[in-house]
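Heads up, the thing below is written out as structure tokens.
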Amino acid sequence: MKARSILLALASLLVPASYAAQTLTAEEFAKLPGLSAKRLTGSFTVGYDSNYVGRGLVISHSVAEGDSSELVALKTNYDIGKKQQQWSIDNTISYRMVSSGHTMYGPAPYADLAAFGVTPRNVENEFAVATALKYSGKYGAVSLGHDFVHGGLLGAFAKHFRQQSASCVNEVFLDMVYTPTAWFEVGNSVRLSFQGVQGWWFEPHMTFKAPIIGTAEDVKVAGLLTFAMSATANYFDPGHHANANGAQAFWIQLSTPWFITKQLILTPSVSFNWLGAGAQKAAKTSSLRQATEKLGMDGSTLVPYRNFGVVAGVKCTYTF
-17 MKARSILLAL
-7 ASLLVPASYA
3 AQTLTAEEFA
13 KLPGLSAKRL
23 TGSFTVGYDS
33 NYVGRGLVIS
43 HSVAEGDSSE
53 LVALKTNYDI
63 GKKQQQWSID
73 NTISYRMVSS
83 GHTMYGPAPY
93 ADLAAFGVTP
103 RNVENEFAVA
113 TALKYSGKYG
123 AVSLGHDFVH
133 GGLLGAFAKH
143 FRQQSASCVN
153 EVFLDMVYTP
163 TAWFEVGNSV
173 RLSFQGVQGW
183 WFEPHMTFKA
193 PIIGTAEDVK
203 VAGLLTFAMS
213 ATANYFDPGH
223 HANANGAQAF
233 WIQLSTPWFI
243 TKQLILTPSV
253 SFNWLGAGAQ
263 KAAKTSSLRQ
273 ATEKLGMDGS
283 TLVPYRNFGV
293 VAGVKCTYTF
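First residue of the sequence shown? That's -17 in our numbering, and the numbers climb one at a time after it.
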């Protein structure tokens, strides 16, 4: 109850300030969406992935000194509309850890390459906060919001390729999802980074859904098949030993959420990820690969991403 009270108090700070500035009659005031436990929903998730993945890019084992990652995330949704489930404020706080090591471009025994201008470049654990105003309609939803990311792949881009003092990125985003039927949706996420890194990320996707066990009205195990990609525009500079702009990654993901109870969901998944042409540039221009080859070593495996990766994962979610 104490945690719930704290969440309600935080939600109260997100009610539009324009309400307070209006002069309202008692009848009009009564119709406004007041704070209510019934209007607050959310979820808490813990998860595991067999590889560290950022925006569809699978970090290579030889460069990251490991593979798997763990995730914890808290999501809240507070309904602020006069009609239920139309307007809401969504918030997500997440933390992703790299379980087996987190060094990019500098694993042992290749770390002592300072003479070639190569220094260890860490992919730090990722902390992210996303807040958005969301409108949900009969056939889809639109969200407009802000992302703050510290660490992770984006943080590495900011610190090591944009010479920022901290591994931080700030973005604004627009998420659009169109659901013409219950079994299909198509959408796109458009992000504009304005601090840390400047440029555009795009993540279009389409998802097919079907009950595996149960019915559409009472699903026990569902199947979700997603086709997605990520691409950039004006995000990477030509002089960086990093990705080129354009297609970054393509992936197909199959997930099968199991609704153990109304509030507890276990979701195993597997995805197949391919590098796009933009990300393939990093394999050719990696400063670590070039330096090792100058020393007569084989640097062909010292690339930041896998050309193809299979990523298995499982997440456990409690909804409230």
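Beta carbons are placed, not taken as given, at the ideal position from N, Cα and C, and that holds for glycine.
With a cutoff of 9 Å on beta-carbon distance, residue 26 and residue 53 are scored as not near each other. In the structure shown, the three-state DSSP call for residue 177 is strand. When DSSP states are grouped into helix, strand and coil, residue 290 belongs to the strand group. Per DSSP, reduced to three states, the secondary structure at residue 232 is strand. Note that the C-beta distance between residue 123 and residue 172 is not below 9 Å. Residue 299 is positioned such that its CB atom lies closer than 9 Å to that of residue 248.
Nearest C-alpha to residue 204 among 211, 212, 195: 195.
Residue pairing by DSSP leaves residue 120 without any beta bridge partner. By the neighbour-count definition (other C-beta atoms within 10 Å, threshold 16), residue 121 is an exposed residue. In the three-state scheme derived from DSSP, where H, G and I count as helix and E and B as strand, residue 78 is classed as strand. With respect to residue 230, residue 208 sits apart: the two C-beta atoms are not nearer than 9 Å. Ranked by Cα distance from residue 113, the first of 152, 211, 30, 68 is 152.
Secondary structure note for residue 209: its beta strand (DSSP E) is the uninterrupted segment 201 to 215. When secondary structure is reduced to three states using DSSP, residue 224 falls in the coil class, being assigned neither helix nor strand. The beta-carbon separation of residue 166 and residue 143, rounded to 38 Å, does not stay under the 8 Å limit for a contact.
Here residue 125 has 114, 116, 157 as same chain residues with Cβ atoms under 6 Å from its own Cβ, once five neighbours each way along the sequence are excluded. Separation of residue 176 and residue 140 (C-alpha to C-alpha, rounded to the nearest whole angstrom) is 11 Å. Inter-residue distance for residue 178 and residue 146 is about 6 Å (C-alpha atoms, whole angstroms). Between residue 132 and residue 155, the CB-CB gap reaches or exceeds 9 Å.
Residue pairing from DSSP places residue 187 in a beta bridge opposite 169, 210.
Per the DSSP secondary-structure output, residue 129 pairs in a beta bridge with 112, 153. The straight-line gap separating the alpha-carbon atoms of residue 64 and residue 73 is approximately 20 Å. For residue 302, the closest of 289, 254, 296, 245 by C-alpha to C-alpha distance is 245. Secondary structure at residue 267: helix, using DSSP grouped into helix, strand and coil. In this chain, the alpha helix (DSSP H) harbouring residue 134 covers 134 to 143. Setting aside the 5 residues that flank it on each side, residue 252 is surrounded in the same chain by 236, 294, each with a C-beta closer than 6 Å to its C-beta; the list follows chain order. With a cutoff of 9 Å on beta-carbon distance, residue 59 and residue 79 are scored as not near each other. By the beta-carbon neighbour count (other beta carbons within 10 angstroms, threshold 16), residue 255 is buried. About 5 Å separates the beta carbons of residue 62 and residue 69, which is inside the 8 Å limit, making them a contact pair. If the five residues before and after residue 188 are omitted, its C-beta is found closer than 6 Å to the C-beta atoms of 168, 209, all from its own chain and listed in chain order.
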